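Working notes, beginning with the structure itself.
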Amino acid sequence: MSASAFWATGIIALGGLVLLGLERLFPYNPGQKIFREGFWLDLFWYTIVQSLILGLLISEFIFWLDRHGGFSRGHWVSDWPLAVQVLFFLVLHDLYIYLFHKAQHYNKWLYRLHEAHHSVKDVDWVAGSRSHPLEIVINQTIEFAPMIFLGANPLVPAIKGVISALWGMYIHSNLAMNTGWLQYIINGPEMHRYHHAIDDTKAFRKNFATKFAFWDWIFGTAYLPANKRAQKYGLGFSRYPKTYWGQVWYAFRPK
Ligand SMILES: [Zn+2]
Ligand SMILES: [Zn+2]
Numbered sequence: 001m002s003a004s005a006f007w008a009t010g011i012i013a014l015g016g017l018v019l020l021g022l023e024r025l026f027p028y029n030p031g032q033k034i035f036r037e038g039f040w041l042d043l044f045w046y047t048i049v050q051s052l053i054l055g056l057l058i059s060e061f062i063f064w065l066d067r068h069g070g071f072s073r074g075h076w077v078s079d080w081p082l083a084v085q086v087l088f089f090l091v092l093h094d095l096y097i098y099l100f101h102k103a104q105h106y107n108k109w110l111y112r113l114h115e116a117h118h119s120v121k122d123v124d125w126v127a128g129s130r131s132h133p134l135e136i137v138i139n140q141t142i143e144f145a146p147m148i149f150l151g152a153n154p155l156v157p158a159i160k161g162v163i164s165a166l167w168g169m170y171i172h173s174n175l176a177m178n179t180g181w182l183q184y185i186i187n188g189p190e191m192h193r194y195h196h197a198i199d200d201t202k203a204f205r206k207n208f209a210t211k212f213a214f215w216d217w218i219f220g221t222a223y224l225p226a227n228k229r230a231q232k233y234g235l236g237f238s239r240y241p242k243t244y245w246g247q248v249w250y251a252f253r254p255k
């Protein structure tokens with residue numbers, strides 16, 4: 001394991017523990033359990049096994065593309081300060097993910113790759129990791145390939161990876177946050193939990209943003225009701241498979 005991968009894993013694990021503790025102190029839905037249905041599935045299969053295997057596969061694929069295409073020879077962003085590079089790729093990818101995520105909720109075939117993510121009934125810090133492997137391959141290739149192709153500092157993918165993991169855990173966490181005006185800029189659980197909610201028809205096809213909430217406010221898809229909380233999450237039907245492989249294959253069902 002490289003030094004940056006070691007640090008990245010340590011910071012992400014620590015972030016998960018901090019969120020787990022904060023969820024106990026300031027819960028959004030007080031009755032929710034730590035070891036809820038699917039907890040070990042999300043932690044073991046999705047967070048550890050899937051992300052490790054796909055991380056290796058995706059980076060090999062991107063470097064293979066670059067060896068054949070020679071894209072990174074241009075060194076387009078190599079001279080930019082590190083912080084500017086990180087911010088540039090954060091905003092660029094976040095706009096992409098907003099648009100693709102929205103498309104997934106409007107197109108039934110794309111939605112099949114997104115169903116796994118919405119199948120968690122008790123949304124918490126580890127729930128966000130549940131994403132179909134094909135969805136991860138598409139999104140992470142589009143996330144990391146531009147960094148390699150445009151000649152970003154080698155630290156950028158590691159920093160971006162840590163930020164994505166921490167932010168993903170944060171927006172799903174069972175945390176009663178009230179960030180005030182910051183919710184117009186920084187996305188958090190108070191909006192993303194409504195994206196997963198099935199007990200409020202007004203939340204349907206709302207809050208597609210991942211990191212920056214401003215996409216939802218700009219494009220008119222924001223939903224943030226005052227003095228009310230989402231209570232029920234999931235797909236709303238019980239036949240959805242409960243095992244990792246069951247969920248992977250379910251996306252390819254005949255109809
Ligand atoms: Zn969604
Ligand atoms: Zn989510």
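The working numbering numbers the first residue of the sequence shown as 1 and each following residue consecutively.
Just so you know, even glycine gets a beta-carbon here, dropped at the ideal spot from N, CA and C.
Owing to the predicted nature of the structure, the values given are computational and were not obtained by experimental measurement.
Residue i burial status per 10 Å Cβ neighbour count (16 or more: buried)
i      : result
Ile159 : buried
Lys255 : exposed
Phe63  : exposed
Gln247 : buried
Phe89  : buried
Asn187 : buried
Thr283 : Residue numbering for the chain in the displayed model covers 1 to 255; residue 283 lies beyond these limits and cannot be assessed.
Val49  : exposed
Glu143 : buried
Heavy atom of ligand 1 within 8 Å of residue i beta-carbon
i      : result
His172 : no
His105 : yes
His68  : no
Phe100 : no
His195 : yes
Phe252 : no
Phe208 : yes
His132 : no
His114 : yes
Nearest candidate by alpha-carbon position, reference residue i, set the options
i      : options                           : result
Val123 : Ala176, Val156, Trp181 and Gln50  : Ala176
Ala222 : Thr210, Lys232 and Tyr233         : Thr210
Asp42  : Val126, Asp66 and Phe100          : Val126
Leu52  : Gly180, Phe100, Pro133 and Gly31  : Pro133
Gln85  : Leu150, Glu60, Trp167 and Val18   : Leu150
Ser129 : Thr179, Arg112, Ser173 and Phe89  : Ser173
Arg36  : Tyr233, Phe26 and Trp7            : Tyr233
Gln183 : Asp200, Ile198, Pro157 and Ile218 : Ile218
Arg73  : Thr47, Glu60, Ala152 and Val156   : Ala152
Met169 : Tyr96, Leu20, Ala3 and Trp7       : Leu20
Three-state class that DSSP yields for residue i in the structure shown
i      : result
Pro157 : helix
Tyr20  : Residue 20 is actually Leu in this sequence, not Tyr. Helix, per DSSP.
Tyr223 : coil
Ala145 : helix
Tyr233 : strand
Ile138 : helix
Pro27  : strand
Phe252 : coil
Phe212 : strand
Leu150 : coil
Ala197 : strand
Ile186 : strand
Distance cut-off 8 Å: residue i Cβ against heavy atoms of ligand 2
i      : result
His192 : yes
Glu123 : Note on identity: in this sequence residue 123 is Val, with Glu being the wrong assignment. Val123 Cβ: within cutoff of ligand 2.
Ala213 : no
Ala127 : yes
His117 : yes
Interface flag, residue i vs chain C, CB-CB below 9 Å
i     : result
Gly70 : Absent from the structure: chain C. Only one protein chain is present.
Any beta strand (DSSP E) of 3 or more consecutive residues that is wholly inside the segment 94–129: none
Output the residue ranges of the alpha helix (DSSP H) runs that lie fully inside the segment 37–90 and measure 4 residues or longer, sorted by chain position. 51–69
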